[in-house]
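For the protein sequence lines, the chains are A and B, in the order given.
For the first sequence, the numbering used here assigns the number 409 to the initial residue and increments by one for each residue that follows.
For the second sequence, the numbering used here assigns the number 474 to the initial residue and increments by one for each residue that follows.
Okay, so here's the structure we're looking at.
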Amino acid sequence: MRHTISVLVENKFGVLARISGLFSARGYNIASLAVSETMDPGISYMTIVVEAQDEKILEQIKKQLNKLIDVITVTDFTNKEHVDRELVLAKVACPLKDKAKLEVALKKYVAKIIQHKGDIAIIEAVDEQEKIKGLLEALSKFGVKELVRTGRIAVAY
Amino acid sequence: MIGAQILLECLKREGVEVMFGYPGGQVLPIFDKLYDSDIRFILVRHEQGAAHAADGYSRATGKVGVCLATSGPGATNLTTGIATAYMDSIPMIAITGQVKTFLIGNDAFQEADVTGITRPVTKHNYLVKSAKDLPQIVREAFYIASSGRPGPVLIDIPSDVQLQEAEFIWPQNVEIRGYKPTCFGHPGQIKKAIKLISDAKKPLLYIGGGIITSGAYQVLREFAEKINAPVTMTMMGLGGFPGTHKLSLGMLGMHGTAYANHATMESDLIIAVGARFDDRVTGRLDAFAPSAKVIHIDVDPSSISKNVRVDIPIVGDAKTVLEEFLEQIKKIPDTVEWLKTIDSWKKKSPLKYKDEGKIKPQYVIEQIYELTKGNAIITTEVGQNQMWACQWYKYDYPRTYISSGGLGTMGFGFPAAMGAKIGCPDKTVIDIAGDGSIQMNIQELGTCVASKINVKVVILNNGYLGMVRQWQELFYKKRYSYVNITSPDFVKLAESYGAIGIKVTRKEEVRPALEKALATDNTVFVDCHIEEEENVYPMVPAGEALNRMIEGLA
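Given below as C-alpha cells:
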C-alpha cells in the first residue's frame, strides 16, 4: 500500500542523500519524492510516497527517518486529513484541427492546454493522483508522446 | 588560530586524552599541531587498527574514543572499524583529512567521498567547509556520538580548512532541533509493565549492551534480585549482570546455554532491556518465546517492534527506566517454581566439553579465568574463539568483555585490546584470538611494542577458520572448502617485533605459559595448538527455533 509522508529537514547539502540512502539501504521503495524550500530558508520540505507492504514497515520507515539528525519532523498522512496534488506536463499528439476535441476531454479535469504547435499540444494538469489517472486514460486516446510528473505533494490540516 | 589548532583545542575541551591514528598528506597541518600538543597520540600500523583501538578504548572506559587518518585510503581503511562501532552503538569520533575544498569532486590524489562512503555506517557525519564552523561541529559530534543510542560520528576536514585562520569561539551549549533523545520512559507504559511483572509466573530479564552503555549494572542487579527473576544476556550484554550470580543464565541464542534458551522459550514474560532481538539471539522468529508477553525498554524507538512483536514498548534510557521499575514495583512475582525448573535444567545440561586428547580451547579459557580471577578485560576476535570466550569466562563486571557483536569483524580483538589497555592501564587485557583472525590485524604488534602497550594474545590455533569449518562440517557434508589456513611461526613473528612468543602444544604447558605471559611486562603471544575439529556447542542452527539445539538439553 502507498503512504504519503512529509519530512521537514535541515536545508543542508547531503540531506537528500541521507534520506534516499536510508530507503535503499533498508530495501524500502520510494514511489515519489518531492523536495522544496519552505518559508524558512534553513528548512526543506519533502513529500515522500512510500510503498509499504504492512504497518510494521511503515512504522520502521518513520522511525528510521526520525533517527536521522537532519530530520526535524516526520508526518504520516495515512490517517490525517490532508490535501495532496500532483503537477503533470503531458505532450499529446493532437493536430490543431482537433483542438476542440481535446478541450472537451480536458473539461472534467483541472487541466489546460498551455501550448499547441503543429501536431503537439502540451497539457498542464494539477490534481489528486486518482484524477490524474483518469486524465491520462482520456489522453491516451490521443497518444501521449511524453509525460513528466512532479510526484505527489501534500499538506495536512 | 588555524583550523588544525582549533580542532585540537576542541578535542581538549571535550576531554580527549589520547588519539589513535596514522599521518598522511591531507592531515599534515593537524600533525604539525599535534607535535606540540599534550594529547597522547598512538601511531598504529594500519588505519583499521586505529579505528578498532579507539573503539576498544571507548568500550573499556565509557569515554569517547578518537581516531585520525588521512584522506582517501586512510579514511577507507577506517571504515570497517567505523561500521563495527556503529553496529555495536559505540561512541567514537573519526577525524579524516580531505583534499582541499576547491579540489573536492576533482578525482584529486587520495580523494574519496568519505562522508558519502560512511553515511550508512555513522550516526552522523560532517564535511567541514570553514574553520570557523569547527567548534560547533566538534561539540555536536561529541554530543551526538555519546548521547541517546551512541554511535560513531565522522568529521571530514579538507586540508585547506585545517590551515584557514578563524576565531576560536567555543559554543556554550549544543542545540540540535532534529535530535532530542528520549531519556525518561512513559509513566503510563511503566505502570502497565509493572503490572505485567507483578502477575508473571515465569519472568525473564533479557539484557543487552544498553545496560552497559547506560550504566545500569547496579540497578539491574537490584531489580533482578528484588523480583527474583533469572537474567540472560546477549553477547553485548555480557558483564551487564554478574556471570557468577545465581540468577544468571549466561548468554542466550545461537551458542547460548541450553538453560538460557529453554528459559526463553518457556517464559511467560520477557523483559528486554537495551537489547534488540538480533537474529543470532531469536533463532526462528515466529517460534521465538511463544508463550511470552514482551516488555521492551530501549533508547532507540526504531529497535522496538522491529523484529519481535512487543506488548509494552518503553522508549527510554535503560538505567532511568529500571530505577522507576525498582521504585514502583510493590507486588513481587512468585518465581520459586520457575527458578526450580531452571535449576533442574542447569544441573541437567550445563556447558560441557570432553577434556581428553589435545588441548581443548574451553580448558584454555577456564585457565585464563582462574588465573585472572575474572578480573581481566577480555577482547576477542570473531568465530569459535569468540563464542568460547563468551561461554567459558564469567564476566562479573561491565566493560570487561569487548567483542565485535553486530558486524562480527575479524581482526577486531587485538587492536581493541590495545585501546582497552591504553584506557585502563591497571587492568590485565587479554585478546582471545583464533589463528585466522589474529592474522587480520597482526601488524599492530608493531604498535604494541613501540608504544609499550602490554597486552596478551592467546591464540586458539587449530589450523582452521574454525567457525566456517564447523558450519561446513554440520551443514555442508564436511566439504571443507578453503578453511585450512596456514600461519607463520607466531613465536618468531612476535620476537621479530620485539614482543614475546610462547608456543604451547600440551595441556600441562597451558597454565605455566599463561602464568609466564601474565607476569611479563611486554606484549605476549601465547600460541596454543588446540584440538583441530573442536566445535562450539550448544548450537542452534540458523533459522531454527531456540530449543532445537545441537548438543542442547540432555
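For every residue, glycine included, the Cβ atom is placed at its ideal position computed from N, Cα and C.
Predicted model only: the values in this text are computed from it and were never measured.
Cut-off 6 Å between Cβ atoms - residues of its own chain near residue i, not counting five sequence neighbours on either side
| i | result |
| --- | --- |
| A:Val568 | Beyond the ends of chain A as shown, which are 409 and 565, falls residue 568 of chain A; an answer cannot be given. |
| B:Val997 | Lys929, Ile973, Ala990 |
| B:Glu520 | Tyr495, Ala542, Gly547, Asn550, Leu551 |
| A:Asn437 | Glu459 |
| B:Gln916 | Arg518, His519 |
| B:Val902 | Ile850, Ala890, Ala893, Lys894, Val928 |
| B:Thr845 | Thr901 |
For residue i, the nearest candidate out of the options (CA to CA)
| i | options | result |
| --- | --- | --- |
| B:Leu947 | B:Pro763, B:Ile1023, B:Ala990, B:Arg694 | B:Ile1023 |
| B:Asp790 | B:Lys506, B:Pro774, B:Val855, B:Glu800 | B:Pro774 |
| B:Glu447 | B:Leu933, B:Pro1011, B:Ala862 | Not covered by the structure: residue 447 of chain B. The range shown for chain B is 474 to 1027. |
| B:Asp816 | B:Ala731, B:Pro806, B:Ile777, B:Glu839 | B:Ala731 |
| B:Ala604 | B:Arg532, B:Ile475, B:Arg753 | B:Ile475 |
| B:Thr755 | B:Thr737, B:Tyr970, B:Pro985, B:Phe798 | B:Thr737 |
| B:Leu1019 | B:Glu810, B:Asp994, B:Gly726, B:Leu799 | B:Gly726 |
| B:Ala639 | B:Asn848, B:Glu482, B:Phe750, B:Ala585 | B:Glu482 |
| B:Gln583 | B:Arg984, B:Gln499, B:Ser876, B:Ile680 | B:Gln499 |
| B:Gly847 | B:Val489, B:Gly545, B:Tyr866 | B:Tyr866 |
| B:Val767 | B:Val788, B:Ile787, B:Ile744 | B:Ile744 |
| B:Leu693 | B:Thr793, B:Phe657, B:Ser671, B:Phe641 | B:Thr793 |
| B:Gly538 | B:Gln801, B:Ala524, B:Gly545 | B:Ala524 |
| B:Gly710 | B:Lys825, B:Thr873, B:Ile667 | B:Thr873 |
| B:Lys665 | B:His728, B:His769, B:Gly856, B:Met913 | B:His769 |
| B:Leu799 | B:Gln691, B:Gly589, B:Val587 | B:Gln691 |
| B:Phe696 | B:Val491, B:Ile805, B:Thr852 | B:Ile805 |
| B:Pro786 | B:Asn646, B:Glu810, B:Ala748, B:Lys821 | B:Ala748 |
| B:Ser671 | B:Leu880, B:Ile926, B:Ile700 | B:Ile700 |
| B:Asp899 | B:Met883, B:Gly879, B:Ile926 | B:Ile926 |
Cβ-Cβ separation, residue j to residue i (assumed contact under 8 Å), whole Å
| i | j | result |
| --- | --- | --- |
| B:Gly465 | B:Asp904 | What the structure shows of chain B is the stretch from 474 to 1027, and residue 465 of chain B is not part of that stretch, so it cannot be assessed. |
| B:Leu627 | B:Ala567 | 4 Å |
| B:Ala673 | B:Leu742 | 4 Å |
| B:Asn935 | B:Ile1003 | 5 Å |
| A:Arg560 | A:Thr486 | With a Cβ gap of about 13 Å, A:Arg560 and A:Thr486 do not count as contacting. |
Own chain partners of residue i with C-beta closer than 8 Å, once the 5 adjacent residues on each side are dropped
| i | result |
| --- | --- |
| A:Ser452 | Leu416, Val417, Glu418, Asn419, Val423, Val443, Ser444, Glu445, Thr446 |
| B:Leu758 | Asp752, Asn780, Val781 |
| B:Trp861 | Pro834, Gln835, Ile838, Ile905, Leu933, Val1009 |
| B:Val977 | Ile832, Val983, Ala986, Val999, Asp1000, Cys1001, His1002 |
Whole-angstrom distance between residue j and residue i, CA atom to CA atom
| i | j | result |
| --- | --- | --- |
| B:Ala477 | B:Glu487 | 15 Å |
| B:Gly723 | B:Asp807 | 22 Å |
| B:Lys951 | B:Gly1016 | 20 Å |
| B:Leu678 | B:Ala702 | 7 Å |
| B:Tyr870 | B:Ala765 | 29 Å |
| B:Glu832 | B:Leu541 | Before going further, note that residue 832 of chain B is Ile rather than Glu in the sequence given. Those two C-alpha atoms are separated by around 41 Å. |
| A:Thr481 | B:Arg650 | 9 Å |
| B:Thr814 | B:Glu698 | 18 Å |
| A:Gln468 | B:Val783 | 14 Å |
| B:Gln840 | B:Lys827 | 16 Å |
| A:Val496 | B:Phe575 | 39 Å |
| B:Glu968 | B:Ile850 | 24 Å |
| B:Pro1014 | B:Arg1021 | 8 Å |
| B:Thr920 | B:Pro660 | 50 Å |
| B:Ser620 | B:Ser531 | 14 Å |
| B:Ile1045 | B:Pro608 | An answer regarding residue 1045 of chain B cannot be provided, because it is not within the stretch 474 to 1027 covered by chain B. |
| B:Phe514 | B:Ile503 | 12 Å |
Start and end residues, alpha helix (DSSP H) containing residue i
| i | result |
| --- | --- |
| B:Met891 | 886-896 |
| B:Ser531 | 520-534 |
| B:Asp633 | 632-636 |
| B:Val781 | First-last for B:Val781: undefined, no H or E at that position. |
| A:Ser414 | Not the alpha helix (DSSP H): A:Ser414 falls in the beta strand (DSSP E), residues 410-418. |
| B:Leu966 | 963-970 |
| A:Glu494 | Per DSSP, A:Glu494 belongs to no alpha helix (DSSP H); it is in the beta strand (DSSP E), 490-501. |
| B:Tyr914 | For clarity, residue 914 of chain B is Asn in the given sequence; the question names Tyr instead. It is not in any alpha helix (DSSP H) - B:Asn914 carries neither H nor E in the DSSP assignment. |
| B:Asp672 | 660-672 |
| A:Gln472 | 463-475 |
| B:Gly683 | 682-687 |
For residue i, the first and last residue of its enclosing beta strand (DSSP E)
| i | result |
| --- | --- |
| B:Gly974 | 973-977 |
| A:Ser452 | 451-459 |
| A:Arg557 | 552-557 |
| A:Ala519 | 519-525 |
| A:Ser440 | 437-445 |
| B:Ala513 | Reading off the sequence, residue 513 of chain B comes out as Arg, not Ala. Looking at the DSSP string, the run of the beta strand (DSSP E) that includes B:Arg513 is 513-516. |
| B:Ser721 | 721-724 |
Neighbourhood of residue i by C-beta, 7 Å cutoff - its chain only, sequence neighbours within 5 removed
| i | result |
| --- | --- |
| B:Cys897 | Ala533, Thr534, Ile850 |
| B:Val489 | Ile512, Val539 |
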